[in-house]
Amino acid sequence: MRLMRSGKQLGYGIFSLLLCLMLSSKGSAQSDAGFIYGKVYTIDNSYQGQIRWGKEEAFWNDLFNAVKLYKNDYQSIVSGGNTEKSSWGDFDWRLSSIWEDKRGGVSHQFTCQFGDIGELEIKGDTRVNLKLKNGVILEVGGEGYNDIGTEVLVMDDELGLISINWKRIRKIEFKPTPSRMKANMGAPLYGTVRTVRKGEFTGFIQWDHDERLSGDKLDGRSPDGSVSIAFGDIKQISKYQNGSKVVLLSGREYYLRGSNDVDSGNRGIIVSIEGIGKITVPWKAFDKVEFTKAKNSGESYGSYGVPMGLYGRVERYEGGAVEGRIIYDIDEAWELEILEGNDDEIGYEIPFRNIKKITPKNYSYSLITLRNGETLLLGGGRDISDRNAGLLIFKKGIKDPEHIPWKNITEITFD
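The sequence shown lines up with residues -29 to -1, 1 to 386 when you count with mature numbering (1 follows the signal peptide of the UniProt record, and there is no 0).
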């Protein structure tokens, strides 16, 4: 009987172990889905696995920043979808004169989330052909930004971690992250950031704009010497005197200073929140952060759909309402592009796909209504103030766009 009982217990033990492994695999699949993944082609090799942009971008919701080099060749934007409202293919995009007349010598920033990119073809140290998921190719440059020209880290499925010099790279193909990777570069940082006057924000965290994985280090000087602490070991960081008070998971506490990780040299704490975007809390507005374990690592590559052109209805002070395809600020044409604004010192970067309405309130501020129902009163930038160059709107059946000055707009509602 003891042998039978032992065998039965062994059977239960094996079953429990298999169940744990299944659950672990499922959890891993959820946690791995948000990591950037793909295949990097160099001059004479290729590497496939998790990808990180230098010491920074690691997730599909992270932002890729560059300068638009296609501003005088808008015919590069072709049909972006198979519906009437999303297609740009039936318009003449020879808009160079409009760009030059309305925006002069202003350089145009291109920003999207990594999850919206299909492929990057490297054309040089500072030039890239960026292919969207719908096949549209946009030529962008790296002037003023470090996303072009940086080293690229790959956790190759066979070789492990490799750092690749940008000059060696020919192409990067982005792919859905496997349900379970053999290894990753660390867990995402997640928690709640408390501000001095603007409440709390809970989401995925980037510390000092850089650190966002559990293996990244917080540097500083304690009274006894320099320390470098893995973020995965930190429970809480609070601003204190000329530095920060750091509490570890073990309960140990340190007062650190003398580094831009822990003092006023910090460039800000970014919180990524699904349905909103990225929220930047500058050091002067920061109070403390409490780290907790993330349930997952964010939205998967597949959750970023095929890009569509902006389409909506514009209410005007004079001339009534008009509906059609929209180029916002004579710049942004896609719903994957980013609207920027500030709530006092708190900065917001919001994909247009998350925005339902924009209502100018005065020369400096606009009310932003998100698709999740939340509203934000934002100012401080050209996207939502009278510095906005206005809209180009393409009405059905009419070849040439109509320019609507910002001062004549009462409300924009996106489909």
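Backbone N, C-alpha and C fix where the C-beta goes; we use that ideal spot for every residue, glycine too.
For residue i, the first and last residue of its enclosing beta strand (DSSP E)
i           : result
residue 123 : 123 to 127
residue 236 : Per DSSP, residue 236 belongs to no beta strand (DSSP E) and is neither H nor E.
residue 107 : Here residue 107 belongs to no beta strand (DSSP E), and DSSP marks it neither H nor E.
residue 24  : 17 to 24
residue 259 : 257 to 263
residue 253 : Taken as a continuous stretch (DSSP letters only), residue 253 belongs to no beta strand (DSSP E), as it is neither H nor E.
residue 100 : 98 to 103
residue 4   : Segment: none, residue 4 is in no beta strand (DSSP E) and carries neither H nor E.
residue 374 : 373 to 375
residue 313 : 309 to 314
residue 202 : No beta strand (DSSP E) holds residue 202; DSSP gives it neither H nor E.
residue 350 : 346 to 350
residue 193 : 188 to 193
Residue i: CB within 8 angstroms of a non-hydrogen atom of the ligand HEM
i           : result
residue 187 : Among the ligands in the structure shown, none appear at all, so the ligand HEM cannot be discussed.
Cβ-Cβ distance between residue i and residue j below 9 angstroms
i           : j           : result
residue 29  : residue 183 : yes
residue 305 : residue 103 : yes
residue 114 : residue 198 : no
residue 355 : residue 307 : no
residue 365 : residue 287 : no
residue 371 : residue 282 : no
residue 313 : residue 350 : yes
residue 204 : residue 221 : yes
residue 235 : residue 177 : no
residue 79  : residue 357 : no
residue 159 : residue 185 : yes
Straight-line gap, residue i to residue j (C-alpha atoms, nearest Å)
i           : j           : result
residue 181 : residue 214 : 18 angstroms
residue 374 : residue 289 : 13 angstroms
residue 150 : residue 381 : 46 angstroms
residue 8   : residue 333 : 43 angstroms
residue 75  : residue 360 : Interpretation of residue 75 is limited by its pLDDT of 47, a score under 50 that renders its predicted location unreliable; the figure taken from the coordinates is listed afterwards. Cα-Cα distance, rounded: 11 angstroms.
residue 33  : residue 291 : 39 angstroms
residue 268 : residue 369 : 45 angstroms
residue 228 : residue 17  : 42 angstroms
residue 52  : residue 106 : Confidence in residue 52 is poor, its pLDDT being 37 and thus under 50, which makes the residue's placement unreliable; the coordinate value appears in the next sentence. Answer to the nearest angstrom: the Cα atoms are 10 angstroms apart.
residue 383 : residue 344 : 16 angstroms
residue 217 : residue 209 : 7 angstroms
residue 367 : residue 294 : 8 angstroms
Beta carbon proximity, residue i to chain C, threshold 9 angstroms
i           : result
residue 386 : Included in the structure is just one protein chain, with no chain C present.
Determine, using beta-carbon pairs with one atom in the segment 158 to 169 and one in the segment 299 to 317, whether at least three such pairs fall under 8 angstroms. yes
Runs of alpha helix (DSSP H) lying entirely within the segment 149 to 184, each at least 4 residues, in chain order: none
Flag this pair as touching only if the segment 242 to 254 and the segment 189 to 207 have three or more C-beta atom pairs under 8 angstroms; answer yes or no. no
Is it a yes or a no for the segment 327 to 336 touching the segment 261 to 281, going by three-plus beta-carbon pairs under 8 angstroms? no
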